[in-house]
Amino acid sequence: MAKDLVNTLADLKEKEALGIVQERLSAGEDPLRILDDARRGVEIVGKRFSDEEYFIPDLVYSGEILKQITDMVKPKLTKAAEVKRLGKVIVGTVAGDIHDIGKDIVVFMLDVNGFEVFDLGIDVPVQKFVDKIKETGSGVVGLSGFLTLAFQSMKDTVGAIEKAGLRNEVKIMIGGGQIDDQVRSFTGADAYGKDAMDAVKLAKGWIGG
Amino acid sequence: MPVIRDIPISLKTKEVLRRVGFREQASLRPEIKSLIDELLAGAKNDFLLEPAIAYGIYPLTEMNRGRLPLEDNGVIHDPLLPSLLSGADEFAVVICTIGHRLEKQVTNYFKQDEPLRGVLLDGIGSAAVDLLAEEACKLMTERASSRGYQAGSPISPGMQGLPITEQRWLFKMAPAQKIGVGLTSSGVMSPLKSTSMIIGIGPQMKTWTRAEVCAQCGLRKTCPYRKGVKGEKQKRGKISKKSPIVHPC
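Protein chains in written order, with the numbering used here: chain C, 1 to 209; chain U, 1001 to 1249.
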């Protein structure tokens, strides 16, 4: 049964996956186990995406299915067993850039993969990142930017976080159209991600999962 | 300076798929195909696409060392301009947009926890801008050929050699505000689903293929949206069916 849900979700068979979840809940199975299987299914989707077997809409589709499963499972959880968030992540498109679609996909995928995400939006001033880190104690910051002009803003944001004395308390990842290791090095970020699944992997590697 | 509206935009699923990063080796899920069809129909029925083109045409009086002097003492800097506008007697500055409505709907979908619809509709918007840019290029070609001229391939701010900061000069030379396009302080167009171009016009203009455009782009190694076809023969010279005027992305 567990294998069924994992593979059914990995194959993006929405109705079947939701049916399996309903059956398992009705049979009184531990909701956390069901959720764990669903997340394993999404991990396979991420692998298939990395292997270019799936494309971005498939990835987002898997996230939507996982979200539905989470919504089905939640009411069955006892308070003690409530789904714990893996950690807090702040995400925003840096100052000067107003591209949001990539950032929105990252926010969604982090959310459905169990992170508490603070989405600061687009064209985010550096101080807003600093203030949010102080306010939330987030351990990960994701800086998004599609344009080359965003590189300097990313560097400025990392610099401001350092100046505020918070650099050792957060891991910083960057992502967007033209990001590579050279850009990462220029900005002073800890890592870069090519896509939303990379962002999830990095965040899991740093603070959860 | 002219403005053109009511431009028919008829998109095919294939064009949208390219813009949402569809990979050749992937198989298209029927649920996603039908959702694209539904969103395409919705975009039409709900008038989410408001295509408009604004342009201005200027004589090319002087150009050297990558500087294109403008009438109001402004200068566009681009080291590639002399070669790109080589042979041009004049140049067109063109700004195209599909308007704000589609972007707002994309944002709504994300807010309503329907990101898949948001992603696909965003792809529809990008594909629509691509098509609109091609329409604008065709318009410039027709306009040029009616006078025995040719239109070259376009160059846009953000492409290699033409920094996005030069965008501000283009906005002084085409009536962007008349079609509702603005610029942020950093030179990004709003609505995002807009594009701007410089096109050389002259007796014999250079054009480049899709592959050549992609080959010049900083994203060429990783871009899932590239139009350039692997192994495509690189051509320069007159416009033909095999070497069409293309717009990046």
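We put the beta carbon where it would ideally sit given N, CA and C, even for glycine.
List the whole-angstrom C-beta distance separating residue 95 (chain C) from residue 123 (chain C), where the pair is believed to meet the contact cut-off of C-beta under 8 Å. Here residue 95 (chain C) refers to the residue found at position 95 of the first sequence. Here residue 123 (chain C) refers to the residue found at position 123 of the first sequence. At roughly 6 Å, the Cβ-Cβ gap stays under 8 Å, so residue 95 (chain C) and residue 123 (chain C) are in contact.
Closest to residue 184 (chain C) by CA distance: which of C:67, C:127 and C:154 is it? On the first sequence, residue 184 (chain C) is found 184 positions in, with the first residue counted as 1. The candidate whose alpha carbon is nearest that of residue 184 (chain C) is C:154.
Would you say residue 108 (chain C) lies against chain U (beta-carbon separation less than 8 Å)? By 1-based counting over the first sequence, the position of residue 108 (chain C) is 108. With 8 Å as the cut-off, residue 108 (chain C) counts as an interface residue toward chain U.
Could you compute how far the alpha carbon of residue 1117 (chain U) sits from the alpha carbon of residue 1036 (chain U)? In the second sequence, the residue the question calls residue 1117 (chain U) occupies position 117. In the second sequence, the residue the question calls residue 1036 (chain U) occupies position 36. If you take the alpha carbons of residue 1117 (chain U) and residue 1036 (chain U), they lie about 8 Å apart.
Check the DSSP bridge columns for residue 1090 (chain U) and list the partner residues they point to. On the second sequence, residue 1090 (chain U) is found 90 positions in, with the first residue counted as 1. DSSP output for residue 1090 (chain U) lists U:1059 and U:1201 as bridge partner(s).
Going by DSSP, what residues sit across from residue 91 (chain C) in a beta bridge? Position 91 of the first sequence, counting from 1, holds the residue named residue 91 (chain C). Beta-bridge pairing links residue 91 (chain C) to C:119 and C:142.
Exposed or buried, which one is residue 1206 (chain U) when buried takes at least 16 other CB atoms within 10 Å? Taking the second sequence and counting its residues from 1, one reaches residue 1206 (chain U) at position 206. Per the 10 Å Cβ criterion, buried.
With 16 other Cβ atoms within 10 Å as the buried cut-off, status of residue 182 (chain C): To locate residue 182 (chain C), count along the first sequence from 1; it is residue 182. The residue in question, residue 182 (chain C), is exposed, as its Cβ has fewer than 16 Cβ neighbours within 10 Å.
Is it true that the region 1098 to 1115 of chain U meets the region 1182 to 1189 of chain U, where meeting means three or more beta-carbon pairs spaced less than 8 Å apart? no
Count Cβ pairs between the region 1036 to 1050 of chain U and the region 196 to 209 of chain C that sit closer than 8 Å; are there 3 or more? no
Would you check if the distance between the CB atom of residue 1054 (chain U) and the CB atom of residue 1174 (chain U) is smaller than 8 Å? The residue labelled residue 1054 (chain U) in the question sits at position 54 within the second sequence. The residue labelled residue 1174 (chain U) in the question sits at position 174 within the second sequence. Yes, the Cβ-Cβ distance between residue 1054 (chain U) and residue 1174 (chain U) is below 8 Å.
Just grab the DSSP bridge partners of residue 1195 (chain U) for me. The sequence position of residue 1195 (chain U) within the second sequence is 195, counting from 1. For residue 1195 (chain U), which the question treats as bridged, DSSP gives the partners U:1096.
Span separating the alpha-carbon of residue 139 (chain C) from that of residue 1143 (chain U): Here the question's residue 139 (chain C) lines up with position 139 in the first sequence. Here the question's residue 1143 (chain U) lines up with position 143 in the second sequence. Cα-Cα distance, rounded: 57 Å.
Quick check: the region 61 to 78 of chain C against the region 117 to 132 of chain C, are at least 3 beta-carbon pairs closer than 8 Å? no
From the beta carbon of residue 1179 (chain U), is the nearest beta carbon of chain C less than 8 Å away? Along the second sequence, one-based indexing puts residue 1179 (chain U) at 179. By this cut-off, residue 1179 (chain U) is not an interface position.
Min CB distance residue 1170 (chain U) to chain C below 8 Å: Within the second sequence, the letter at position 170 stands for residue 1170 (chain U). No, no contact with chain C.
Taking all protein chains shown into account, do 16 or more other C-beta atoms lie within 10 angstroms of the C-beta of residue 1016 (chain U), making it buried, or fewer, making it exposed? The count along the second sequence starts at 1 and reaches residue 1016 (chain U) at position 16. By the 10 Å Cβ count, residue 1016 (chain U) comes out buried.
Suppose you measure from the CA of residue 111 (chain C) to the CA of residue 1100 (chain U); what does that come to, to the nearest Å? Residue mapping note: residue 111 (chain C) aligns to position 111 of the first sequence, counting from 1. Residue mapping note: residue 1100 (chain U) aligns to position 100 of the second sequence, counting from 1. Using only the alpha carbons, I get a separation of about 27 Å.
Under 8 Å between C-beta atoms, does residue 52 (chain C) make it to chain U? Position 52 of the first sequence holds residue 52 (chain C). Residue 52 (chain C) counts as touching chain U.
Positions along the region 50 to 78 of chain C whose CB lies within less than 8 Å of some CB in chain U: 52, 53, 54, 55, 56, 57, 58, 60, 61, 63, 64 and 67
Give the C-beta separation of residue 1152 (chain U) and residue 1200 (chain U) to the nearest angstrom, bearing in mind that I take them to be a contact with Cβ-Cβ under 8 Å. In the second sequence, the residue the question calls residue 1152 (chain U) occupies position 152. In the second sequence, the residue the question calls residue 1200 (chain U) occupies position 200. The pair is a contact, with the Cβ atoms about 4 Å apart (cut-off 8 Å).
Can you have a look at residue 113 (chain C) and say buried or exposed, based on whether 16 or more other CB atoms are within 10 angstroms of its CB? Position 113 of the first sequence, counted from the first residue, corresponds to residue 113 (chain C). When all chains shown are included, residue 113 (chain C) counts as buried.
DSSP three-state call for residue 171 (chain C): helix, strand or coil? Along the first sequence, one-based indexing puts residue 171 (chain C) at 171. Reduced to three states, the DSSP call for residue 171 (chain C) is strand.
How long is the line joining the alpha carbons of residue 1087 (chain U) and residue 1171 (chain U), rounded to whole angstroms? Taking the second sequence and counting its residues from 1, one reaches residue 1087 (chain U) at position 87. Taking the second sequence and counting its residues from 1, one reaches residue 1171 (chain U) at position 171. One C-alpha to the other measures close to 24 Å.
Got a sec? Which residues, its chain only, sit under 6 Å from residue 31 (chain C) by beta carbon, not counting five neighbours each side? One-based indexing of the first sequence puts residue 31 (chain C) at position 31. Cβ within range, chain order: 73, 76 and 77.
Short Cβ contact (8 Å threshold) for residue 1198 (chain U) with residue 1129 (chain U): Reading the second sequence from its first residue, position 198 is the one you call residue 1198 (chain U). Reading the second sequence from its first residue, position 129 is the one you call residue 1129 (chain U). No; because the gap between Cβ atoms is not below 8 Å, this pair is not in contact.
Three-state secondary structure assigned by DSSP to residue 1162 (chain U): Numbered from its first residue, the second sequence carries residue 1162 (chain U) at position 162. Note: residue 1162 (chain U) maps to coil in three-state DSSP.
Please check if any C-beta of chain U sits within less than 8 Å of the C-beta of residue 96 (chain C). As a position in the first sequence, residue 96 (chain C) is number 96, starting the count at 1. Output row for residue 96 (chain C): interface = yes.
Looking at chain C, is there any beta carbon in it that lies within less than 8 Å of the beta carbon of residue 1021 (chain U)? Sequence index remark: in the second sequence, residue 1021 (chain U) carries index 21 (1-based). Closer than 8 Å to some Cβ of chain C, the Cβ of residue 1021 (chain U) qualifies, so yes.
CB contact check: residue 1195 (chain U) to chain C, cutoff 8 Å: Working through the second sequence from its first residue, we reach residue 1195 (chain U) at position 195. False, the Cβ-Cβ gap to chain C never drops below 8 Å.
Would you please verify whether the beta carbon of residue 1152 (chain U) is less than 8 Å from any beta carbon of chain C? Translated into positions along the second sequence, residue 1152 (chain U) becomes position 152. Cβ-Cβ to chain C under 8 Å: no for residue 1152 (chain U).
Looking only at its chain, what residues have a beta carbon closer than 6 Å to the beta carbon of residue 1056 (chain U), apart from the 5 residues adjacent to it on each side? In the second sequence, counting from the first residue as 1, residue 1056 (chain U) sits at position 56. Cβ neighbours of residue 1056 (chain U) beyond the five flanking positions: 1001, 1093, 1173 and 1174.
Starting from residue 191 (chain C), follow the beta strand (DSSP E) in both directions and report where the run begins and ends. Counting from 1 along the first sequence, the entry for residue 191 (chain C) is found at position 191. Its beta strand (DSSP E) spans residues 191 to 193.
Measure the CB-CB distance between residue 1134 (chain U) and residue 1192 (chain U) and report whether it falls below 8 Å. Along the second sequence, one-based indexing puts residue 1134 (chain U) at 134. Along the second sequence, one-based indexing puts residue 1192 (chain U) at 192. Their beta carbons are not under 8 Å apart, which means residue 1134 (chain U) does not touch residue 1192 (chain U) by this criterion.
Local conformation of residue 1189 (chain U) per DSSP, three classes: Taking the second sequence and counting its residues from 1, one reaches residue 1189 (chain U) at position 189. Three-state result, residue 1189 (chain U): strand.
Short CB-CB distance (under 8 Å) between residue 1128 (chain U) and chain C: Position 128 of the second sequence, counted from the first residue, corresponds to residue 1128 (chain U). Judged by the 8 Å Cβ criterion, residue 1128 (chain U) is not in contact with chain C.
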